[in-house]
Amino acid sequence: MIYKIISKGALADLFAGLQETYDEVVGPQERGPAFVFDKLSSVDEVRLNYPSTILPPTKYFLPADERLFRFDRSTGDVYDSEPAQGTRAILGMHPCDINAVLMMDEIFMGDYVDPYYETARKSSFIIGVSCMPEPGHLCAAFGADEIHRGFDLFLTDLGDRYFVSCRSVPASELMDSYVRSCEPSAEDINDFQERTKRFKEAFAPMPKMDQLPLLYGAKYFDEELWERIGDDCLSCGACASVCPCCYCFDVRDKVDPGGKTGMRHRIWDSCLKSEHAEVAHGHNFRPTRASRVRYRFFHKFVGNFSRTGKMLCVGCSRCGKACKVGINPGSVIEALQKEYLPDTAGVEVFKGGGAS
Amino acid sequence: MTPHLFAAAPKPRVAVLSLASDFGCQVALSNFPQLLESLETIELVYWQLVLSADLPDDFDIAIIEGAVTTTEHEQFLLKVRGVAKTIITIGACAGTGGVPGMIDSQESLKQAQQEVYPSGQEGAGATPVADARLVPRPVSAVIDVDYTIPGCPIDSGEFSNILQGALLGVNERTEREPLCAYCKIIEAPCFYLMQGIAVTSAKAQGAATTATPCLGLVTQTGCGALCIGKGRPCTGCRGVAIDANLPAAREFVRKAGRSVEEFDAALRVYNSYYLEQRSGDEHHDSA
Amino acid sequence: MNYLNDMSEINLSLQDRTNAYRQLGANPFRPWPARITSITQLTPKEKLFELRLIDEKVREAFTFTAGQFVELSIFGVGEAPISISSAPSKQGFIELCIREVGTVTAAIHRMQCGDVVGLRGPFGRGFPFEDMRGQDILLVAGGLGIAPLKSLINHIHDERHDFGKVTILLGARNPSEILFRHEFDMWKHREDFDLIMTVDDAVDPVNPDVTWDGEVGLVTRLFDRLDIEPAHTFGVICGPPVMYPFVVEEMRKKQLKVDRIFVSIERRMKCGIGMCNHCAVGHQYTCIEGPVFSYWDAINLQEAI
Chain A
1 MIYKIISKGA
11 LADLFAGLQE
21 TYDEVVGPQE
31 RGPAFVFDKL
41 SSVDEVRLNY
51 PSTILPPTKY
61 FLPADERLFR
71 FDRSTGDVYD
81 SEPAQGTRAI
91 LGMHPCDINA
101 VLMMDEIFMG
111 DYVDPYYETA
121 RKSSFIIGVS
131 CMPEPGHLCA
141 AFGADEIHRG
151 FDLFLTDLGD
161 RYFVSCRSVP
171 ASELMDSYVR
181 SCEPSAEDIN
191 DFQERTKRFK
201 EAFAPMPKMD
211 QLPLLYGAKY
221 FDEELWERIG
231 DDCLSCGACA
241 SVCPCCYCFD
251 VRDKVDPGGK
261 TGMRHRIWDS
271 CLKSEHAEVA
281 HGHNFRPTRA
291 SRVRYRFFHK
301 FVGNFSRTGK
311 MLCVGCSRCG
321 KACKVGINPG
331 SVIEALQKEY
341 LPDTAGVEVF
351 KGGGAS
Chain B
1001 MTPHLFAAAP
1011 KPRVAVLSLA
1021 SDFGCQVALS
1031 NFPQLLESLE
1041 TIELVYWQLV
1051 LSADLPDDFD
1061 IAIIEGAVTT
1071 TEHEQFLLKV
1081 RGVAKTIITI
1091 GACAGTGGVP
1101 GMIDSQESLK
1111 QAQQEVYPSG
1121 QEGAGATPVA
1131 DARLVPRPVS
1141 AVIDVDYTIP
1151 GCPIDSGEFS
1161 NILQGALLGV
1171 NERTEREPLC
1181 AYCKIIEAPC
1191 FYLMQGIAVT
1201 SAKAQGAATT
1211 ATPCLGLVTQ
1221 TGCGALCIGK
1231 GRPCTGCRGV
1241 AIDANLPAAR
1251 EFVRKAGRSV
1261 EEFDAALRVY
1271 NSYYLEQRSG
1281 DEHHDSA
Chain C
2001 MNYLNDMSEI
2011 NLSLQDRTNA
2021 YRQLGANPFR
2031 PWPARITSIT
2041 QLTPKEKLFE
2051 LRLIDEKVRE
2061 AFTFTAGQFV
2071 ELSIFGVGEA
2081 PISISSAPSK
2091 QGFIELCIRE
2101 VGTVTAAIHR
2111 MQCGDVVGLR
2121 GPFGRGFPFE
2131 DMRGQDILLV
2141 AGGLGIAPLK
2151 SLINHIHDER
2161 HDFGKVTILL
2171 GARNPSEILF
2181 RHEFDMWKHR
2191 EDFDLIMTVD
2201 DAVDPVNPDV
2211 TWDGEVGLVT
2221 RLFDRLDIEP
2231 AHTFGVICGP
2241 PVMYPFVVEE
2251 MRKKQLKVDR
2261 IFVSIERRMK
2271 CGIGMCNHCA
2281 VGHQYTCIEG
2291 PVFSYWDAIN
2301 LQEAI
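Chains as they are written, first to last, in our numbering: chain A, 1 to 356; chain B, 1001 to 1287; chain C, 2001 to 2305.
Here it is, written out as structure tokens:
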């Protein structure tokens, strides 16, 4: 990895370089009281000190509604199954979101390779940016507050300048061609360490993760616990929509109005929907809200952990903000660790006042 | 190249039928840009809005708009169910009772009749108000319905998808969950959570208390969060979702500092019949 | 794949996951066209479809083990996971035994010979055929559970000399619901297979005049008469979920170890390639680590059985 120092003003040069090199440049920008990743037409639109976005940038690799192919019903021909082409620079991804993408890579580019995901992933140039923890952020508990790979460039904010980690050849070429930079001085490195220290100290106490997978297994059949959480669940699936580590999808055929041709596409799905574990003859393996909420967090804390050694959560807190009834990784871990929640401990509805 | 599913079968004969409604969904249908392509897959035998033909004795698919508000409607539906293999309802009136369903009891029916027709007579022709007026109900309260296309009005694209699916025997693909997840997909900031922030600012507090509570919490998804995307709260026109958790939603509304009565009143615009049925259930459950 | 360390000793070979997609560099979401070459009505609700992949390269790359499944595509209707019923040794053709139960299965039931459907697969892991060689085999099937077992039975049949005693217990609700009945009727007199058929109800609703001369009662009742050498026997069970605990109990009474009992389980495998998460059972995917699990694995997966 090569390290550079650039002035904040040089961000405009970097942006110009991205615009010339990639078909599209996206990054965090304001939308009402919230922030979203969207196409940037000017460097002035980007907000690199954003707290979080409504959807994570994983939407660029696994879109909410994606064409798989077109088909002709009368001949059985399948066509247009090639993944969409086009390159994209994603500016301003937080460490948690890059960590999430690395986990998605294991799922979509593991035993089998999803060509749609792989194409989108390989045609993306990722520029990470440092952040400061906001209330509710649990990334440190899940080890997702740091990132060491999975990006081309990473910008650490040192106040008046960025400490730039340059990981890939395209990133190095971009820097050389477009951005005035200098080697980090002893002072720069000192400031980088200071910044890291402030970042680590800014976290509120994190939930204890001790023995979480085993504890979850042990409490799996604690009906009272899961019914209490399930009774609150609105079954809306908003948490899954905003989760950078959720990847369930459904596959649907849509027939064109003429009836001859159509399109198969995949759409985001969620294990909180009642039809998620239903089989053809109608039997539902998770028929109750309680069983579905229990499965959701089981998959995050135990299921993926047993397969890959990683929990499917980067502590980004998007689900906590999206959930209107206060069900989130922190509250579930707390409920698991307490034998019984005190009666008075109703879950706070507006934790920190999110806007997503 | 190969013989195919239904390729040799004659086109299904389709009748578009109206009960009590404002024809809005039929207008939406007639504005469907790909209507003519759709017609290649069916034979349209009756549609008052666009055809002069009389209702034939037999047809395969009935597309029904409107709520059931008279005994005539009831008898008509029973006859239709006996003829058609497939029944598709379109719109809120046929699906949930819709706006007509706001009249949800014999008392409110009587009251409405007296207000609208103080003379007891209908229109200039002085026709007496039908004695046979009923408390409005959705079509499914009278006969079995195979496919429901919700919304006020319906989305013609969704209509086409469900119609083509029905022609292939695809089971009804009504989405079961409430809207909230889709607001996230279009990245529309949530009304409730904005109001949550708003508690700290007097100006926004005012806005929070005047806006109608968003009914997306319990309303069936599938509309693409059209209203929310345009900055308006959900009015519940697609009906209460199968997966909706109404008690938890009411509890949330209460905790958010809004009135549950106000929430329920907003829900009644399109979902009176559902709430009436449900209040019966709840009463029964607690009994 | 160290996550398999905690699983049973006899690992279902990962090679069972046939790599037709990798061999051909193909898109695993794109179905391969296959022509229906024969349709046999087995029972009032089930038909046996014989399919032939149209592309020769695909046909050659498409090798599988008994117990694996395919995703059947009817364009415009959708996809459904279906177990392969034919033996891997049957070259060039794939047989699927399909009950009309959902929209995709209803659609193929309306199709005719010569029609084209889409196939993706084969997916998942099948039975540990290589580990089973040289051993006695006890197969128990209930209802439609015979569909994946038929592939295994045919494969054992083709390489019969490699196996010890082979016992097949076949249960159905009534005589008309016994799948592959004509074939099995002929097997009753074979010396190299012990086949016992039993029905819950001896009255055949389709042919009420035909008397049933087989057993009546649940398959579990047949265990008393079996003579099993547990150290050299593999148990295989496939049927409705309610059947598993009872049949396993009988096998345990015969001293069969839980990791020598194999079950095939049903979930909603939508993608077949471990991505969509619909078939998750405990921490595993039915489409990747299953649908065949050792019973030990199955009881370690939450909600599996």
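Here a beta-carbon is modelled for each residue, glycine too, at the ideal position from N, C-alpha and C.
Minimum Cβ-Cβ distance from residue i to chain B less than 7 Å
{"i": "G159(A)", "result": "no"}
{"i": "C236(A)", "result": "yes"}
{"i": "G32(A)", "result": "yes"}
{"i": "S274(A)", "result": "yes"}
{"i": "A277(A)", "result": "no"}
{"i": "A335(A)", "result": "no"}
Span separating the alpha-carbon of residue i from that of residue j
{"i": "L1168(B)", "j": "E66(A)", "result": "23 Å"}
{"i": "T1069(B)", "j": "K1184(B)", "result": "38 Å"}
{"i": "G2126(C)", "j": "R292(A)", "result": "29 Å"}
{"i": "C243(A)", "j": "Q19(A)", "result": "28 Å"}
{"i": "F1252(B)", "j": "S42(A)", "result": "40 Å"}
{"i": "E2095(C)", "j": "V2166(C)", "result": "23 Å"}
{"i": "G2214(C)", "j": "F2246(C)", "result": "21 Å"}
{"i": "D2259(C)", "j": "Q2284(C)", "result": "17 Å"}
{"i": "A1181(B)", "j": "A240(A)", "result": "8 Å"}
{"i": "L2119(C)", "j": "I1242(B)", "result": "33 Å"}
{"i": "G2124(C)", "j": "T2065(C)", "result": "10 Å"}
{"i": "T2037(C)", "j": "Q2112(C)", "result": "9 Å"}
{"i": "C2238(C)", "j": "R2110(C)", "result": "27 Å"}
Chain C within 7 Å of residue i, Cβ atoms only
{"i": "H281(A)", "result": "yes"}
{"i": "L212(A)", "result": "no"}
{"i": "G1169(B)", "result": "yes"}
{"i": "L174(A)", "result": "no"}
{"i": "F249(A)", "result": "yes"}
{"i": "S81(A)", "result": "yes"}
C-beta neighbour in chain A for residue i, strict 7 Å
{"i": "Q1205(B)", "result": "Unreliable positioning characterises Q1205(B) in this predicted model, as indicated by a pLDDT of 43, which lies under 50. A coordinate reading is not provided."}
{"i": "V2242(C)", "result": "no"}
{"i": "Q2112(C)", "result": "no"}
{"i": "P1189(B)", "result": "yes"}
{"i": "N1271(B)", "result": "no"}
{"i": "E2046(C)", "result": "no"}
{"i": "Q1942(C)", "result": "Outside the displayed range of chain C (2001 to 2305) lies residue 1942(C), so it cannot be described from this structure."}
{"i": "C1234(B)", "result": "no"}
{"i": "R1176(B)", "result": "yes"}
{"i": "Q2041(C)", "result": "no"}
{"i": "C2276(C)", "result": "yes"}
{"i": "Q1220(B)", "result": "no"}
Short CB-CB distance (under 7 Å) between residue i and chain E
{"i": "V242(A)", "result": "Going by chain labels, chain E is absent from the structure shown, which instead holds the protein chains A, B and C."}
Checklist entry - What residue ranges within the stretch 2105-2157 of chain C form continuous beta strand (DSSP E) runs of no fewer than 3 residues, ordered along the chain? => result 2116-2123, 2136-2142
Checklist entry - Counting pairs of Cβ atoms below 8 Å between the stretch 130-150 of chain A and the stretch 198-207 of chain A, do you hit three or more? => result yes
Checklist entry - Along the stretch 2048-2080 of chain C, what residues have a CB closer than 7 Å to any CB found in chain A? => result F2075, G2076, V2077, G2078, E2079, A2080
Next on the checklist: Any C-beta of chain C within less than 7 Å: which residues of the stretch 1061-1082 of chain B qualify?
Outcome noted: none
Checklist entry - Of the residues that make up the stretch 2086-2108 of chain C, which ones have a beta carbon closer than 7 Å to any beta carbon in chain B? => result T2103, A2106, A2107
Next on the checklist: Tell me which residues of the stretch 1022-1051 of chain B have at least one Cβ-Cβ distance to chain A shorter than 7 Å, keeping chain order.
Outcome noted: Q1034, E1037, S1038, E1040, T1041
Checklist entry - Where are the beta strand (DSSP E) runs, 3 residues long or more, that stay fully inside the stretch 2191-2238 of chain C, in chain order? => result 2194-2199, 2233-2238
Item to check | Sequence ranges, alpha helix (DSSP H) only - wholly within the stretch 1020-1101 of chain B, length at least 4 | outcome: 1024-1030, 1035-1039, 1071-1083, 1091-1096
Item to check | Complete beta strand (DSSP E) runs within the stretch 2066-2097 of chain C (minimum length 3 residues, chain order) | outcome: 2069-2074, 2078-2083
Next on the checklist: Counting only Cβ-Cβ distances shorter than 9 Å, please list the residues of the stretch 45-58 of chain A near chain B, keeping chain order.
Outcome noted: T53, I54, L55
Item to check | Runs of beta strand (DSSP E) lying entirely within the stretch 2242-2290 of chain C, each at least 3 residues, in chain order | outcome: 2261-2264
Checklist entry - Can you list the alpha helix (DSSP H) stretches of 4 or more residues lying completely in the stretch 92-166 of chain A, in chain order? => result 95-108, 115-122
Checklist entry - Any residues in the stretch 2017-2031 of chain C with a beta carbon nearer than 8 Å to a beta carbon of chain A? Which ones, in chain order? => result R2017, Y2021, N2027, P2028, F2029, R2030, P2031
Checklist entry - Does the stretch 2203-2210 of chain C touch the stretch 2233-2241 of chain C, meaning 3 or more C-beta pairs lie closer than 8 Å? => result no
Checklist entry - Of all the beta strand (DSSP E) runs that stay within the bounds of the stretch 226-283 of chain A, which reach a length of 3 or more residues? => result 249-255, 261-268
Item to check | Segment contact, 8 Å Cβ cut-off, at least three pairs: the stretch 2156-2175 of chain C with the stretch 2250-2257 of chain C | outcome: no
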